[in-house]
Amino acid sequence: MPEPETLPYALPRLADAEAIARARALAERLKMRRTCRWFSDAPVPREVIEAPILAAGSAPSGANHQPWHFAVVASPERKRAIRK
Numbered sequence: 002m003p004e005p006e007t008l009p010y011a012l013p014r015l016a017d018a019e020a021i022a023r024a025r026a027l028a029e030r031l032k033m034r035r036t037c038r039w040f041s042d043a044p045v046p047r048e049v050i051e052a053p054i055l056a057a058g059s060a061p062s063g064a065n066h067q068p069w070h071f072a073v074v075a076s077p078e079r080k081r082a083i084r085k
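Each residue of the sequence shown is one higher than the one before, counting from 2 in the numbering used here.
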């Protein structure tokens, strides 16, 4: 199996003022988070479900253990069984 082509990682250095502005903007966005307690029964395209799962699967993990598992449940019967 051939070795994959890799690119060197160059960490971009932000000016202090830019870093502070970005940190403050992130803090403001985080204040807008809310817990979702009500859900819609409207169908969601499969790609909308799969895209964030693919992104989450590439998240770093301690010692590269990658301990996560994802399951997508589409069947109404199975959803009812899970709720019980």
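The beta carbon of each residue, even a glycine, is placed where N, CA and C say it ideally should be.
Exercise for the section: Please state if the CB of S62 and the CB of P53 are separated by a distance shorter than 9 Å. Expected result: no
Problem - Euclidean distance between Cα positions of A20 and F71 - result: 34 Å
Problem - Coil, strand or helix - E4 by DSSP - result: coil
Handout entry: Extent of the continuous alpha helix (DSSP H) run through G63
Key = It is not in any alpha helix (DSSP H) - G63 carries neither H nor E in the DSSP assignment.
Problem - C-beta atoms of R23 and L31 nearer than 9 Å - result: no
Handout entry: Rounded separation between D42 and E78 - CA only
Key = 14 Å
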